[in-house]
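> Numbering (the working numbering), first residue to last: 39 to 386.
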Ligand code: ATP
Ligand code: MG
Ligand code: FE
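1) If the criterion is Cβ atoms closer than 8 Å, does the pair residue 274 and residue 224 meet it?
2) Compute the beta-carbon to beta-carbon distance between residue 50 and residue 90, rounded to the nearest angstrom, for a pair I have assumed lies under 8 Å.
3) Report all residues from its chain with a CB closer than 7 Å to the CB of residue 126; omit the five preceding and five following residues, and keep chain order.
4) For residue 110 and residue 63, what's the separation of their Cα atoms in angstroms?
5) To the nearest angstrom, how far is it from the Cα of residue 368 to the Cα of residue 226?
6) For the alpha helix (DSSP H) that contains residue 266, what are its first and last residues?
7) The beta strand (DSSP E) spanning residue 114 covers which residue range?
8) Report the start-end ranges of each alpha helix (DSSP H) in the stretch 75-161 that is 4 residues or longer and not cut off at the edges.
9) Which class does residue 191 belong to by DSSP, given the choice of helix, strand or coil?
10) Span of the alpha helix (DSSP H) holding residue 72?
11) Less than 8 Å between the C-beta atoms of residue 216 and residue 284, yes or no?
12) DSSP three-state call for residue 180: helix, strand or coil?
13) Run through the stretch 266-297 for me and flag every whole beta strand (DSSP E) of 3 or more residues, listed as ranges in chain order.
14) Quick one: is the Cβ of residue 274 within less than 7 Å of any heavy atom of the ligand ATP?
15) So residue 372 packs on residue 146, CB below 8 Å; how close in whole Å?
16) Measure the alpha-carbon distance for residue 327 versus residue 152 and round it to whole angstroms.
17) So the beta strand (DSSP E) residue 166 belongs to, where does it begin and stop?
18) What did DSSP end up calling residue 218 once you bin it into helix, strand or coil?
19) Following a CB-centred definition, is residue 299 positioned closer than 7 Å to any heavy atom of the ligand ATP?
20) With a threshold of 8 Å, are at least 3 pairs of Cβ atoms found where one atom belongs to the stretch 195-210 and the other to the stretch 236-254?
21) For the ligand MG, enumerate in chain order all residues having a CB closer than 6 Å to any of its heavy atoms.
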């Protein structure tokens with residue numbers, strides 16, 4: 039059984055996975071402590087991880103009805119993420135691996151977002167197109183064997199991530215923190231056609247799989263300003279619905295086009311923004327129309343958690359991957375080439 043530990047941002051997560059099955063997990067979040075600052079404060083997040091790490095591991099074991107001695111390997115997010123936050127999780131993981139005498143695996147946070155889907159829907163088909171949409175990333179990937187093969191980037195955002203766009207516009211609209219879920223809730227009462235927000239980088243001359251959300255963010259802010267300047271009350275629900283529609287439209291259009299171009303039959307949508315109801319619905323609609331199988335992890339596993347890290351660790355163990363050394367470092371801006379970060383250096 040693999041214990042996975044996640045601490046890259048404001049969630050402290052521990053998950054337990056054996057042979058592709060989720061046995062138990064627990065998450066603690068410092069989200070409320072960041073609310074009054076309007077964004078994650080790294081120092082506060084790190085301190086909260088120090089507080090939560092051991093209790094969360096204990097809670098995950100209790101959830102699974104298992105004990106420390108059942109842990110056969112420890113996997114931990116070594117990057118990307120906030121440096122101080124990552125250090126807490128990695129230190130805890132090293133201590134546990136050393137004390138238990140079990141191998142340690144350093145995993146890429148985004149590979150975790152992808153792998154978590156296997157806990158619900160089984161092994162990923164090879165190949166599949168993955169749309170990863172989170173607070174810090176928006177990318178289209180071509181994934182083969184997650185544990186063995188390099189991951190190919192088809193495109194990334196040139197500026198803001200989709201989640202960042204939701205979070206920032208929510209602030210301008212006066213919606214509560216965190217913005218993504220608040221936009222989703224507000225949009226239920228709105229008309230997505232009320233405002234014609236731009237669909238960035240969808241023109242014939244634009245890079246097919248690159249994204250850009252900063253212009254959309256500015257357009258939404260300007261729309262709100264104009265309303266307020268003219269003394270009218272801001273129709274927040276309409277703004278939220280139109281914003282969500284624009285983001286979902288761009289994301290799903292490009293993801294489905296990538297599947298068609300690469301002749302891939304499965305699209306996997308992962309990351310915090312995969313929890314968005316309109317992104318899920320539009321992806322379903324467009325995949326069905328294009329004859330593409332769609333996989334989206336369950337809502338509770340879309341945002342950061344420990345199960346996603348354990349899922350990668352479990353894949354690595356089963357693939358016979360080299361563990362990481364106990365002196366492994368964090369990598370706050372790790373590029374996503376492979377799921378396993380920092381395998382043991384040759385000759386060690
Ligand atoms: P990364 O994974 O890129 O390092 P992160 O770990 O902070 O970033 P996640 O936890 O994957 O990001 O996702 C958080 C993001 O998802 C936030 O931007 C949040 O607003 C967004 N989000 C969560 N739920 C929803 C929702 N229902 N609709 C839209 N956005 C959402
Ligand atoms: Mg978070
Ligand atoms: Fe994340």
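Heads up, the beta-carbon is just placed ideally off N, CA and C, and yes, glycines get one too.
According to the structure data:
1) yes
2) 4 Å
3) 45, 84, 87, 88, 91
4) 16 Å
5) 40 Å
6) 252-267
7) 111-117
8) 80-102, 121-138, 147-159
9) strand
10) 69-72
11) no
12) strand
13) none
14) no
15) 6 Å
16) 24 Å
17) 166-171
18) helix
19) no
20) Between the stretch 195-210 and the stretch 236-254 there are three or more inter-stretch CB-CB distances shorter than 8 Å, so the stretches are counted as touching.
21) 47, 48, 49, 341, 342
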